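*Asks:* Counting from 12, one number per residue, gives the positions in the sequence shown under our numbering. In this text, a Cβ means the ideal position worked out from N, Cα and C, and glycines have one as well. Treat the numbers as computed from the prediction; the structure is a model and nothing was measured.
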Amino acid sequence: MENNYKNLIEKNLEKILDKKVFYQDILFEAAKYSLLSNGKRLRPLIVLNILNAFEKEIEIGLDSASAIEMVHSYSLIHDDLPAMDNDDYRRGKLSLHKKYSEWVAILTGDFLLTYSFEVLSDIKDLSDLKKIELIKILSRSIGAEGMLAGQVVDILSENKKTDEKKLLFMHENKTAKLFMASFEFGAVLSDADINTRKILKETGLNFGLYFQFMDDINDEKISSSDISKNKSTVLTVYGSEKANIMAKNYLKRANYLLDTLKKDFSKLKKLFI
Numbered sequence: 012m013e014n015n016y017k018n019l020i021e022k023n024l025e026k027i028l029d030k031k032v033f034y035q036d037i038l039f040e041a042a043k044y045s046l047l048s049n050g051k052r053l054r055p056l057i058v059l060n061i062l063n064a065f066e067k068e069i070e071i072g073l074d075s076a077s078a079i080e081m082v083h084s085y086s087l088i089h090d091d092l093p094a095m096d097n098d099d100y101r102r103g104k105l106s107l108h109k110k111y112s113e114w115v116a117i118l119t120g121d122f123l124l125t126y127s128f129e130v131l132s133d134i135k136d137l138s139d140l141k142k143i144e145l146i147k148i149l150s151r152s153i154g155a156e157g158m159l160a161g162q163v164v165d166i167l168s169e170n171k172k173t174d175e176k177k178l179l180f181m182h183e184n185k186t187a188k189l190f191m192a193s194f195e196f197g198a199v200l201s202d203a204d205i206n207t208r209k210i211l212k213e214t215g216l217n218f219g220l221y222f223q224f225m226d227d228i229n230d231e232k233i234s235s236s237d238i239s240k241n242k243s244t245v246l247t248v249y250g251s252e253k254a255n256i257m258a259k260n261y262l263k264r265a266n267y268l269l270d271t272l273k274k275d276f277s278k279l280k281k282l283f284i
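(1) Answer yes or no: the CB of Ile69 versus the heavy atoms of the ligand ADP, is any distance below 6 Å?
(2) When you compare only the Cα positions, how much space is there between Asp174 and Val248?
(3) Determine the direct distance from the alpha carbon of Glu129 to that of Lys281, and round the result to whole angstroms.
(4) Helix, strand or coil: which one does DSSP assign to Tyr16?
(5) For Leu24, name the three-state secondary structure that DSSP assigns.
(6) From the DSSP output, in three-state form, read off Arg208 for me.
(7) Please report how far the alpha carbon of Leu145 lies from the alpha carbon of Lys22, in whole angstroms.
(8) What residue range is occupied by the uninterrupted alpha helix (DSSP H) comprising Ser251?
(9) For the alpha helix (DSSP H) containing Ser86, list its first residue and its last residue.
(10) When we look at the beta-carbon of Lys185 and count the other beta-carbons within 10 Å, is it buried (16 or more) or exposed?
(11) Beta-carbon separation of Tyr16 and Leu59 under 7 Å?
(12) Counting pairs of beta carbons, one from the segment 20–37 and one from the segment 156–171, are three or more of them closer than 8 Å?
(13) In terms of alpha-carbon separation, which member of Asp275, Gln162, Ile228, Thr207 lies closest to Asp96?
(14) Secondary structure at Lys10, three-state DSSP: helix, strand or coil?
(15) Are the CB atoms of Phe224 and Ala192 within a distance shorter than 7 Å?
(16) State the Cα-Cα distance for the pair Phe276 and Leu269, rounded to the nearest angstrom.
(17) Quick one: measure Cβ to Cβ for Phe180 and Val164, integer angstroms, because I've assumed they're closer than 8 Å.
(18) Between Glu80, Asn14, Arg54, which lies nearest to Ile27 when the distance is taken from Cα to Cα?
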């Protein structure tokens, strides 16, 4: 089932980027290099699995799920830039600014970000009210009180001691907010009521923090940029024992919240195992 959903997402992303353009074709070429790489597609899979749990047609969520993946890809492209994390590799191959150039990476990230909102606004068979709601959710999750806030704190914390409160703020915004948006997208597309939507949003927060904690815990190879910038992780701030306990508690809370909805979220839960 998951492979089938992932294949649907891959084909939809290819379709979205399949445009005939002229002088600016390098944008689409570079976007394909990054967006169509071997990613987990975790965020769009969340959207489709929520639709499945609510017994909705999966096809109605493909474009919105793809838009979230485009935003995620944009964030990774910009994260890798020399002015940010300065990473040379992403998903086992050269990061975009090393494959092409910095200006291409900057503009390709901008292209994917802006194009994602165009994709959302052009979704067929979706009411204007729902389109506006999806656009509002996504813009809030990645703006100055979302992903950008987390990125700012991340950069300002370089070579400085980070306390627990600040680290948690950074992870909630830089990582968890886009997971929350994925869960909210699924709720909106599934016509979930307000209470259910709140529960799914909180589930996204807990799954997002679990994901980030486990990413830090399992990151055996710390990048040279992280070492040079003395970046804090959940291991350096909380210690291994506490970090593992917190990660388990986030996962436990997320699963509990899903269980309260009395739907079959078994496939969704497997995404985080």
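*Replies:* Checking against the coordinates, here is how it stands:
(1) In the structure shown, the ligand ADP is absent, as is every other ligand, since no ligand is present at all.
(2) 7 Å
(3) 31 Å
(4) helix
(5) helix
(6) helix
(7) 22 Å
(8) 251–270
(9) 73–90
(10) buried
(11) yes
(12) no
(13) Gln162
(14) No answer is possible for residue 10: the residues shown for the chain start at 12 and end at 284.
(15) no
(16) 7 Å
(17) 6 Å
(18) Glu80
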